[in-house]
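K.L.:
Take a look at this one; I'll ask things after.
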Amino acid sequence: MATLGQVKGDLKTNVISEGGLYKLLLRSNKPEGEGFRRWVASVLLPPIRKVGPDHGLR
0 MATLGQVKGD
10 LKTNVISEGG
20 LYKLLLRSNK
30 PEGEGFRRWV
40 ASVLLPPIRK
50 VGPDHGLR
């Protein structure tokens, strides 16, 4: 938990890294989490596996 200063006092908020966000979404039990897992497994990862993560970035 991180505390961010505000004009009218402190606001407590959770801060999470990008990797932590993906980990959280991938282990979610909510229906939206299942859709995200399917998308990652069937749409996002197969092309990366086939051509590599750096393809087209250089």
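Quick note on numbering that gives the first Met the number 0: the sequence shown kicks off at 0 and runs consecutively. For each residue, glycine too, the CB sits at the ideal point set by N, CA and C.
Is K49 helix, strand or coil by DSSP?
P.N.:
helix
K.L.:
How is the alpha helix (DSSP H) around R36 delimited, first residue to last?
P.N.:
P30 to W38
K.L.:
Out of L24, G51 and V50, which one is the CA nearest neighbour of W38?
P.N.:
L24
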